[in-house]
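Colleague:
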């Protein structure tokens, strides 16, 4: 500790003037200067300033170790106010320089203990003399029982029990807070105090009830043998400061008839009352009797024989778990040990029956499900994920599983059980070390939470300030680069996450070698089931051919790769078979789903690894079944790319999909240094499509977000291909440079689209313009990419001195580059096609150059060659490749081209006629080009953009849904109409997306076959396929009406 000196004059001024007190109070670490000054003034009234300055120096030295100096100072002032001789107390602090700092540690840690000390300051001198040393159980029990036996009145006993608990808790807390006694010793000492209290209360209750009995009948009283069993934390000798105590009372009759039962029940009730009744000193303990036979409905005290019969006939697995921690702790201990010895074969069974296994499975499910429920799962020290209960629950689970054959793991104490399970080989050294350390840490944290106000809480504070105090009470300190609160949060999070990972692993491994009781499990494990058994088990599910379904199921149990273990594969398949078959049964075509499962699984390598994953991750199992049931596109990705099962899992865990920049960085990293980038590109595309598709069918992203991500994937792949092909052509043809125009005097109205003179001789920019669905950031899984290739200006290429090719014109260079890009993107190679590119929307048409200059692009439209449909297509134009400057210039050119002609009265009719012409070749079920299809919405939007976009740039949105919003905001669409159009477009595009995932022959056709409709409804999470069809066709009908009405208004 840093030595601090407080000037006497400074102290005097501080006491007399609050404004002068600031610097001195800051050295004490306090935050509330007004309250702290009031404390200082009161201290100065009782203690000479010379002595007070010494005490404040000690306070300032210990202040950095205090979590709440304000609380400590306030409690210190209260402590002196109630002391019989403040001067004598201050003198003690001056003589023994450890006394005050130790007191301050308590006063800053627990308001409950501070109140006790302030109520009796002189007790602190006795407390520090004990030095928080542990006391043997026998000593505590004998002392309290001896004291209570001198008492006849119940009020005396109530007071004695509470005073004893308060005194001993203060002793234990001194060792905990001041001396840092290990948590295992602290919990054992707290448990010994409870043992003494229960023993004393039970002893008095037996005497009291006995006297009442004797007075009632005058005969000599023969008391029954009574024992109190401790369960829960008290049973494990790991009680915390504010725990309930779990008790079970048992008796052995000393008299015939019901007399012993009545007497024993009266004793139990009296004992509970003595412990739990609230007096002016509070209660001693809250007593929980719910673990007794029959629970709340059972008598408070039952005979040993009744208890044994109950557990033998009706005992459940959770009751066996509770008895893992049982121990006799008061009364007739010999009776208790005899009882537990007789019950032990029921608790720890060497062989587990099917009923036992079912109970253990339920127990396992409780462990896995319990912690994810509730608002405070991440901040509850006891019940949260990886918290105290998680560790205790799983350790008891392992004891139940292993205790039948390994007697050495039978102990009620969690830390002892961890050590014994490690020694027996049920836990690895690393697992046991981590669990032991983290359990101790969490129990200490629990103590710090509870001891503050003596409350039974396990919840971390919500406020940053209070949580920061807890962090400092746990020993964390502020550092230059990290606060105590940050360090605590990180540590707590890491510890609980590690706990959870270990516990998930332990639960899975502990249970994996045990048979399950479902008939499906037995069927998979049975090497030769009878036809009747197959029919009975598989007949529960809606398979058209149960025998064929069984054969397909069993194909999942066989590894096709020789060095993989079919036995292990069968074991893991058996463990998930009930859930797997239940999920398959929910699909539209269970037989087909099972066939697809077999086919896809055969291609993925280790099936055992897949079933193991599904056993611990149910959403992945359900998703896998969905893909095999109705998503041939995504299932095909898995079949062709076995390693992508990890992507499947990632898609479930991702909070959101990566944005464009993240995708671009990811692909750049994957291709860095690769000689052949083609397989990487294809793998990247399908892996990202898998992620998007999974989130799509799970409803994690809306259709606009899904389309946006598909657009990002296409853009990133396109840019990578452009870069690859540009670099190759650069070596062959040289770098394209800008040259001055040949006819400088004839540029006229197109001068602004010529490069400025300072660009002459510079590298010519290449620009790719996206139209259609990619331009609108709304492509589907199989959408073509409508592209227009532009370049900045005319000129020639300049070869590098090392180059061996031939220089050419910019037009030839960029047209060849466009051709290479189209070929690379669209060619169907060994990895399939990357994307289908359509360049037919370029100004020069199919027969012209693939790439044109920016000036030529604008000239085409401004000179009148551009048709209305071409200008309509430009409503969705967006730059996807090109520098920022080039992109801005290009978009100005696009808008100039789009709005190069004023809106004509007959333009709306022309656009409507184009829409009707596109409809001629489509069926009524075509959700894109058919009546009321998505094109109706798109043509409405583009018509209104052409009509109003010249004078209202806000409506120049390329995305259909965004454009609807801007058109409504600008007043060109009624709110009702805009809302309906958005809803209709969302529905139809969502249905279309699912149809694409189904890999249907008609990529935009609503299915007409019942089975396909059922698959579509299944993917849309709709229960009724007919209802879905009715909703879609009704939407199309209303959409066509809206289309005709809006166009009629525009034409009128």
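In my numbering, the protein residues as written are 111 to 1162. We put the CB at the ideal spot given by N, CA and C, even for glycine.
Excluding the 5 residues preceding and the 5 following residue 276 in the sequence, name in chain order all residues of the same chain whose CB lies nearer than 8 angstroms to its CB.
Modeller: Within the same chain, residue 276 has close Cβ partners 226 and 391.
Colleague: Just curious, the alpha helix (DSSP H) that residue 566 is in, first and last residue?
Modeller: Residue 566 -> no alpha helix (DSSP H), and no H or E assigned at all.
Colleague: Sort 242, 636, 339 and 282 by Cα distance to residue 557 and report the nearest one.
Modeller: Minimum Cα distance to residue 557 is reached at 282.
Colleague: With 16 as the cutoff for other CB atoms within 10 Å, does residue 1026 come out buried or exposed?
Modeller: Exposed, since its Cβ has fewer than 16 Cβ neighbours within 10 Å.
Colleague: Would you identify the three-state DSSP class for residue 846, choosing helix, strand or coil?
Modeller: Strand at residue 846.
Colleague: Looking only at DSSP bridge pairs, what is residue 319 linked to?
Modeller: DSSP, once it has assigned bridges, lists no residue as partnering residue 319.
Colleague: Please list, in chain order, all residues of the same chain as residue 664 whose beta carbon is under 8 angstroms from its beta carbon, the five residues on each side excluded.
Modeller: Here the set comprises 634.
Colleague: Looking at the secondary structure, which residues open and close the beta strand (DSSP E) in which residue 895 lies?
Modeller: That run of the beta strand (DSSP E) goes 895-901.
Colleague: Any idea what DSSP makes of residue 718, helix, strand or coil?
Modeller: Looking at residue 718 - three-state DSSP - the assignment turns out to be helix.
Colleague: So, for residue 923: in the same chain, excluding its five sequence neighbours on each side, which residues have a beta-carbon less than 6 angstroms away from its beta-carbon?
Modeller: Excluding positions up to five away in sequence, the list reads 843, 846 and 907.
Colleague: How far does the beta strand (DSSP E) with residue 441 in it reach, from first residue to last?
Modeller: Segment 437-441, the beta strand (DSSP E) holding residue 441.
Colleague: Is it true that the CB of residue 308 sits closer than 8 angstroms to the CB of residue 440?
Modeller: Cβ atoms of residue 440 and residue 308: closer than 8 angstroms.
Colleague: So, using beta-carbon positions, are residue 525 and residue 547 closer together than 8 angstroms?
Modeller: No; because the gap between Cβ atoms is not below 8 angstroms, this pair is not in contact.
Colleague: Would you kindly work out how many angstroms separate the C-alpha atoms of residue 154 and residue 126, rounded to a whole number?
Modeller: Taking the straight line from one Cα to the other gives about 10 angstroms.
Colleague: Assign residue 184 to one of three DSSP states: helix, strand, or coil.
Modeller: DSSP places residue 184 in helix when its eight states are reduced to three.
Colleague: Beta-carbon within less than 6 angstroms of residue 1149's beta-carbon, same chain only, minus the 5 sequence neighbours each way: which residues are those?
Modeller: Cβ within range, chain order: 1042, 1046 and 1094.
Colleague: For my contact list, residue 221 and residue 351 are in at a C-beta cut-off of 8 angstroms; report their separation, rounded to the angstrom.
Modeller: Not quite, the Cβ-Cβ distance comes to about 13 angstroms (not below 8 angstroms), so this is no contact.
Colleague: Since residue 1052 and residue 982 are thought to touch, with beta carbons under 8 angstroms apart, how far apart are those beta carbons, to the nearest angstrom?
Modeller: Right, their Cβ atoms sit about 5 angstroms apart.
Colleague: Give the single residue among 758, 358 and 362 whose Cα lies nearest to the Cα of residue 379.
Modeller: With distances taken between Cα atoms, residue 379 lies closest to 358.
Colleague: Closest by CA to residue 1214, which one among 993, 980, 938 and 900?
Modeller: For the chain, the structure presents residues 111 to 1162; residue 1214 sits outside this window and is missing.
Colleague: According to the Cβ coordinates, are residue 789 and residue 776 closer than 8 angstroms?
Modeller: No; because the gap between Cβ atoms is not below 8 angstroms, this pair is not in contact.
Colleague: At the level of alpha carbons, what is the spacing between residue 932 and residue 947?
Modeller: Spanning the two alpha carbons is a distance of roughly 6 angstroms.
Colleague: How do the segment 203-216 and the segment 171-181 stand: do at least 3 beta-carbon pairs fall below 8 angstroms, yes or no?
Modeller: Yes, they touch.
Colleague: Thinking C-alpha only, which one of 264, 217, 245 and 313 is nearest residue 234?
Modeller: Comparing Cα positions, the closest option is 217.
Colleague: Using a Cβ-Cβ cutoff of less than 7 angstroms, which residues in the same chain neighbour residue 1073 once the five nearest sequence positions on both sides are dropped?
Modeller: Only 1051, 1055, 1065 and 1067 meet the Cβ criterion.
Colleague: Taking buried to mean at least 16 other C-beta atoms within 10 Å of its own C-beta, is residue 249 buried or exposed?
Modeller: Residue 249 comes out exposed.
Colleague: Considering only the alpha carbon of each residue, which of 453, 569 and 738 lies closest to residue 514?
Modeller: Among 453, 569 and 738, the Cα nearest to that of residue 514 is on 453.
Colleague: Is the beta carbon of residue 761 closer than 8 angstroms to that of residue 731?
Modeller: Their beta carbons are not under 8 angstroms apart, which means residue 731 does not touch residue 761 by this criterion.
Colleague: Just verifying my parser: in three-state terms, what is the DSSP assignment at residue 1064?
Modeller: In this structure, residue 1064 counts as helix in the three-state DSSP scheme.
Colleague: Between the Cα of residue 1103 and the Cα atoms of 1091, 971 and 1116, which residue gives the shortest distance?
Modeller: Of the candidates 1091, 971 and 1116, the one whose C-alpha sits nearest the C-alpha of residue 1103 is 1116.
Colleague: Nearest to residue 552 by alpha carbon, out of 616, 606 and 451?
Modeller: Taking only the C-alpha atoms, the option nearest residue 552 is 606.
Colleague: Would you decide whether residue 423 is buried or exposed? Buried here means 16 or more other CB atoms lie within 10 Å of its CB.
Modeller: Its Cβ having fewer than 16 others within 10 Å, residue 423 is exposed.
Colleague: Since residue 255 and residue 313 should fall inside the 8 angstroms C-beta cutoff, what is the C-beta to C-beta distance between them, to a whole number of angstroms?
Modeller: Yes, residue 255 and residue 313 are in contact; Cβ-Cβ is about 5 angstroms, under 8 angstroms.
Colleague: My understanding is that residue 1121 touches residue 698, with C-beta atoms under 8 angstroms, so please give their C-beta distance in whole angstroms.
Modeller: Confirmed, about 6 angstroms.
Colleague: What's the gap between the Cα of residue 840 and the Cα of residue 1135?
Modeller: Roughly 55 angstroms between the two C-alpha positions.
Colleague: In three-state DSSP terms, what is residue 879?
Modeller: DSSP places residue 879 in strand when its eight states are reduced to three.
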